[in-house]
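If you read the sequences in order, they're chains A, B and C.
Position 157 of the first sequence, counting from 1, maps to 224 under our numbering, and the rest follow consecutively.
Position 134 of the second sequence, counting from 1, maps to 687 under our numbering, and the rest follow consecutively.
Position 2 of the third sequence, counting from 1, maps to 18 under our numbering, and the rest follow consecutively.
The beta carbon of each residue, even a glycine, is placed where N, CA and C say it ideally should be.
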Amino acid sequence: MQKTVAQKVRLGIFVILGTTLLVSALYFIGNRQNLFGKNIELHSEFTNVNGLQLGNNVRYSGINVGTVKAINMIGQSRIVVSMFIEEKIAKRINKNAVATIGSDGLVGSMLINILPQEGTSPPIVSGDTIQSYTKIGANDILSTLSVTNENAAILTSDLLKITTKIIEGEGTISMLINDTTMAENLKLSVIELRRASSGANEAIRQLNGIIAGIDFDESVAGVLLNDSVSGEKVKKIITDLESSSGNIEMVSAQLDEYVSEMRAGEGAVNKLINDEVFAQNLDTTLLNLKEATNRLNTNMEALKHNFLFRGYFRKLERQKKKAERDSLKKLKK
Amino acid sequence: MKGPENIRSRAVSFFTEIGEISYFALRFFREVFRPPFEFRELIRQCYNIGNRSLLLVCVTGFILGLVFTLQSRPTLMEFGAESWMPSMVSISIVREIGPVIIALICAGRIGSGIGAELGSMRVTEQIDAMEVSGTNPFKYLVVTRIVATTLMLPLLIVIGDTVALLGSAMVENLKGAVSYQLYFNEVFDALKYSDIVPATIKSFFFGFAIGLVGCYKGYYCSKGTVGVGEASNAAVVYTSMLLFVIDFIAVFVTDIFFEVQ
Amino acid sequence: MKEDRSIAPVLELRALKKSFGDNHVLKGFDLQLHEGEILVVMGKSGSGKSVMIKCLVGLMQADAGVIRIKGYNITELGQTELDILRTEIGFLFQGSALYDSMTVRENLEFPLRHHKEKLRITETNEQLVLEALENVGLAEAIDLMPAELSGGMKRRVALARALILKPRIILYDEPTTGLDPITSKEIIHLMRNIQKKYKTSALIITHDVDCARVIADRIILLVDGVNYIEGTYQELIRSDDPKVQAFFKT
Chain A
68 MQKTVAQKVR LGIFVILGTT LLVSALYFIG NRQNLFGKNI ELHSEFTNVN
118 GLQLGNNVRY SGINVGTVKA INMIGQSRIV VSMFIEEKIA KRINKNAVAT
168 IGSDGLVGSM LINILPQEGT SPPIVSGDTI QSYTKIGAND ILSTLSVTNE
218 NAAILTSDLL KITTKIIEGE GTISMLINDT TMAENLKLSV IELRRASSGA
268 NEAIRQLNGI IAGIDFDESV AGVLLNDSVS GEKVKKIITD LESSSGNIEM
318 VSAQLDEYVS EMRAGEGAVN KLINDEVFAQ NLDTTLLNLK EATNRLNTNM
368 EALKHNFLFR GYFRKLERQK KKAERDSLKK LKK
Chain B
554 MKGPENIRSR AVSFFTEIGE ISYFALRFFR EVFRPPFEFR ELIRQCYNIG
604 NRSLLLVCVT GFILGLVFTL QSRPTLMEFG AESWMPSMVS ISIVREIGPV
654 IIALICAGRI GSGIGAELGS MRVTEQIDAM EVSGTNPFKY LVVTRIVATT
704 LMLPLLIVIG DTVALLGSAM VENLKGAVSY QLYFNEVFDA LKYSDIVPAT
754 IKSFFFGFAI GLVGCYKGYY CSKGTVGVGE ASNAAVVYTS MLLFVIDFIA
804 VFVTDIFFEV Q
Chain C
17 MKEDRSIAPV LELRALKKSF GDNHVLKGFD LQLHEGEILV VMGKSGSGKS
67 VMIKCLVGLM QADAGVIRIK GYNITELGQT ELDILRTEIG FLFQGSALYD
117 SMTVRENLEF PLRHHKEKLR ITETNEQLVL EALENVGLAE AIDLMPAELS
167 GGMKRRVALA RALILKPRII LYDEPTTGLD PITSKEIIHL MRNIQKKYKT
217 SALIITHDVD CARVIADRII LLVDGVNYIE GTYQELIRSD DPKVQAFFKT
């Protein structure tokens, strides 16, 4: 009887030993796969998972924090990877963290790396989806590298040109580098303004000459008989004058815009104010313009009073008004 | 005409044997759930089969892990994949080598033991004596032994696997300066339930096969003391063959249920 | 099937037939054992004595014939009823058939395991075991293993085991085989004492003439699978039949 008791005890020890080993093995494996303890679920979307498998590790800053629980294909190329993350670690992972797929060594199994990002963001909660970043494989790296090289070459040549321009460019250009359209516009305006004002001056000079040639005291018939050439000239002058005044109108409208912008001190224009040469030029132009217009007005008034031109001027006035309306309409548009 | 007849009679005896073993197994299942239960004898058999095989299994397991690791190291070192030793060794031992080697050892020790014991009981009329004394010898001798092997073998295999991994860890510790903790961390990293669960289920079947064939051969032993030797020998041979058949089926089934995810 | 028990034999075989392939061992054997009688069945080795006794307790299936124990036809009984009926029968095996893995005590307790309640035995196992061992004079061997016993002691322990349930019928299969003459005499003496003490019926199978002479009330000679001749020892040795003469002269 004693022997049987001893047998039972030893058998009991053996059975407990074996069962404990089996159960603890099962426990440790389960523990490794985070089957016990509290977990939260986290998702991330990829276009390529590079052979990731269920049960692969998830690492946060290099620490094993969970495992891959599901890989589901959504649509043509979207793959949602669900992960179980230990709850206590999950508190430390922020919502702006990025998931990437990597491998454990050169020939190791695949895993998911969660990388913390700069900036503040609340911690993840169960069911969250975090951003993913598809790491480039070795092949991709090589092809990208060659493209990058080409780009770099173009970039350096461009940069060279730009720097040359900056060096060559005058004050305004270099200042306006970042605002080429504006500078271009301004340049054009100034050129146009110059051209218009010089054109106007020319026309006025010619008109003055003709007017000086007309003897107001002489009879109308005399004038008409004596000078048919003069009449032709007058006609041409008046046409020129028309186009000139149209130009002037446009230029002054543009100028108004720029000036008001300048006064408001906006953007690059503001810097132009400090450019004395430009401002002086602008001032002179404006003065010229003013003078020319004044003279023109006087001449016109004189012409109008001349009965010979009265009918013509009336016609002209009508046409002008029409043109004005049209241009107004255009402007409004 | 002797050849074909010989083949025919061999085929007949082969299928007769299969049929008799099947009937024997059927009788086991009929009687195992029917009272009275021989608990004391079951415990005695569990002790005989489990505890008494423990040392053998431990020694074999330890050497198995030791040698397996020593032999695999150079190959893995060539690839620079020494760090894979724990996962490779643990998966091979837990999934396949451990259960099969330990089951074969137990077939040699337990299967032959059962065959010889029941065989000698048969030829010395002890089984008859039980029957006339109003005890069902099948229940008392066969059912207890088959249940005992079925229950004890998984435990022996778990212990054997553990000892084998300890042996392997020792080699890694001495040769590769891998700490025991790191070794077992990696082991548990590599192992999955789909490694342990099928292996454990498989080992129940191994235990059942060892008990069944040993008991069958012993219980129907004849021809006196010569028959006892034959029964013991046949028990080992048949069991070993059956173990590999079961292993093949188990791997096949495991593939279907555990690998395809 | 119930006849008057007091007159009817406790054990009856009628036209028992058993064959192994072409070897017809029993070809219609008849036997009747009466209450309190010691019947010896004698025959050469291989004459079918052991087969007969195994058919009798249901260890072998007879091909044909009727086996009745205490009026019950055993071929008509279920396993449970057969087990109960078997408790009425003690069986001493040829080679003792002690359970090697058990002590003497456990060997003796073995038949008690399932039947103590059914048989309304009130004594403890200890009492029964000691009583049985004292009957065979081996009380001191109670905690020994069978391997530690001599052949004669084994036979006595086996006898004690056969007696433990206090059966009404005891079957002896070659009780003196393999024993030296002195031990044989001791065993035969024991068998007689038990017979007197418990008033049991006994069926003894043997080829030992000395045994038959000392103990037999009646002898049946089994030759070629049938009862060749039947009578007391005195009657048989006076027989002129050459087959009987050949048997008793050697």
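Please state the DSSP three-state secondary structure of Asp226 of chain C. Note: Asp226 of chain C maps to helix in three-state DSSP.
Exposure of Ala80 of chain C, with buried meaning 16 or more beta-carbon neighbours within 10 Å: So Ala80 of chain C ends up on the exposed side.
Check whether the Cβ atoms of Ile191 of chain A and Ile160 of chain A sit closer than 8 Å, and answer yes or no. yes
To the nearest angstrom, report how far apart Lys34 of chain C and Ser66 of chain C are at their CA atoms. About 12 Å.
Run the CB neighbour count on Val724 of chain B, radius 10 Å, all protein chains shown included, and call it buried at 16 or more, exposed below. buried
Please determine if the segment 598 to 611 of chain B and the segment 694 to 714 of chain B are in contact, where contact requires at least 3 C-beta pairs separated by less than 8 Å. yes
Starting from Ser732 of chain B, trace the beta strand (DSSP E) both ways and give me its first and last residue. Looking at the DSSP string, Ser732 of chain B is not in any beta strand (DSSP E), and its letter there is neither H nor E.
Return the CA-CA distance between Ala64 of chain C and Thr91 of chain C, expressed in angstroms with no decimal places. Just to set this straight, residue 64 of chain C is Gly in the shown sequence, not Ala. Roughly 20 Å between the two C-alpha positions.
Give every residue of the same chain whose Cβ lies closer than 6 Å to the Cβ of Glu112 of chain A, excluding the five residues on either side of it in the sequence, and list them in chain order. Arg145, Val147, Ser199
Per-residue DSSP class, three states only, for Ile258 of chain A: If DSSP states are grouped into helix, strand and coil, Ile258 of chain A belongs with the helices.
Out of C:Pro25, C:Asp46, C:Val41, which has the shortest C-alpha to C-alpha gap to Asn274 of chain C? Residue 274 of chain C is absent from the structure shown; chain C starts at 17 and stops at 266.
I need the DSSP call for Ile680 of chain B, collapsed to helix, strand or coil. helix
Under 7 Å between beta-carbons, which chain B residues line up against Ile96 of chain A? List them in chain order, please. Phe741, Leu744, Lys745, Tyr746, Ile749
Is it true that the segment 724 to 735 of chain B meets the segment 637 to 656 of chain B, where meeting means three or more beta-carbon pairs spaced less than 8 Å apart? yes
CA-to-CA distance, Gly664 of chain B to Leu617 of chain B, given in whole angstroms: 21 Å
For the segment 589 to 661 of chain B, list the alpha helix (DSSP H) runs that are entirely contained and at least 4 residues long, ordered along the chain. 592 to 599, 605 to 631, 638 to 645, 651 to 659
Contacts of Ile596 of chain B in chain A (Cβ-Cβ under 9 Å): Thr71, Gln74, Lys75, Leu78
Leu219 of chain C by DSSP, collapsed to three states: which one? strand
Taking the alpha-carbon positions, what's the Asp393 of chain A to Arg261 of chain A distance? 25 Å
Can you give me the start and stop residues for the beta strand (DSSP E) that Met118 of chain C sits inside? Per DSSP, Met118 of chain C is not a residue of any beta strand (DSSP E), being assigned neither H nor E.
When every heavy atom of the ligand FAD is checked, does at least one fall within less than 7 Å of the C-beta of Thr778 of chain B? Only the bare structure without any ligand can be found here, which leaves the ligand FAD out of the picture.
Could you name the residues of chain B that Arg99 of chain A contacts, counting a contact when the two beta carbons are closer than 7 Å? Those are Phe741, Asp742, listed as they occur along chain B.
Check this for me: beta carbons of Ile156 of chain A and Leu119 of chain A, under 8 Å apart or not? no
Rounded separation between Pro162 of chain C and Tyr115 of chain C - CA only: 7 Å
Given that Ala669 of chain B touches chain C, what residues does it touch there, using C-beta distances under 7 Å? Simply none; closest approach about 11 Å.
Under 8 Å, CB to CB, which of the residues in the segment 597 to 614 of chain B have a partner in chain A? Arg597, Cys599, Tyr600, Gly603, Asn604, Leu607
Less than 8 Å between CB atoms is the rule here; does Ile712 of chain B satisfy it with respect to chain A? yes
Grab the span of the beta strand (DSSP E) containing Lys34 of chain C for me, first residue to last. 27 to 36
Taking 8 Å as the CB-CB cut-off, is Gln679 of chain B touching chain C? yes
Which word fits Lys70 of chain C, buried or exposed, when buried means at least 16 other C-beta atoms lie within 10 angstroms of its C-beta? buried
Nonlocal neighbours in the same chain, by C-beta distance under 8 Å from Met177 of chain A, ignoring five residues either side: Val116, Asn117, Gly118, Leu119, Gln120, Asn123, Ile168, Gly169, Ser170, Asp171
Using a Cβ-Cβ cut-off of 8 Å, state whether Leu719 of chain B counts as contacting chain A. No - not a single Cβ of chain A is within 8 Å of the one on Leu719 of chain B.
Residues in its own chain within less than 8 Å of Arg234 of chain C by CB, not counting five upstream and five downstream? Closer than 8 Å at the Cβ level, and outside the excluded window around Arg234 of chain C, lie Glu53, Ile54, Leu55, Val56, Glu246, Gly247, Thr248.
Which residue marks the beginning of the alpha helix (DSSP H) containing Met207 of chain C, and which one marks its end? 197 to 214
Is there contact between the segment 715 to 722 of chain B and the segment 766 to 786 of chain B, where contact requires at least three CB pairs shorter than 8 Å? no
Out of B:Tyr746, B:Ala752, B:Ile799, B:Gly771, which has the shortest C-alpha to C-alpha gap to Ala762 of chain B? B:Ile799
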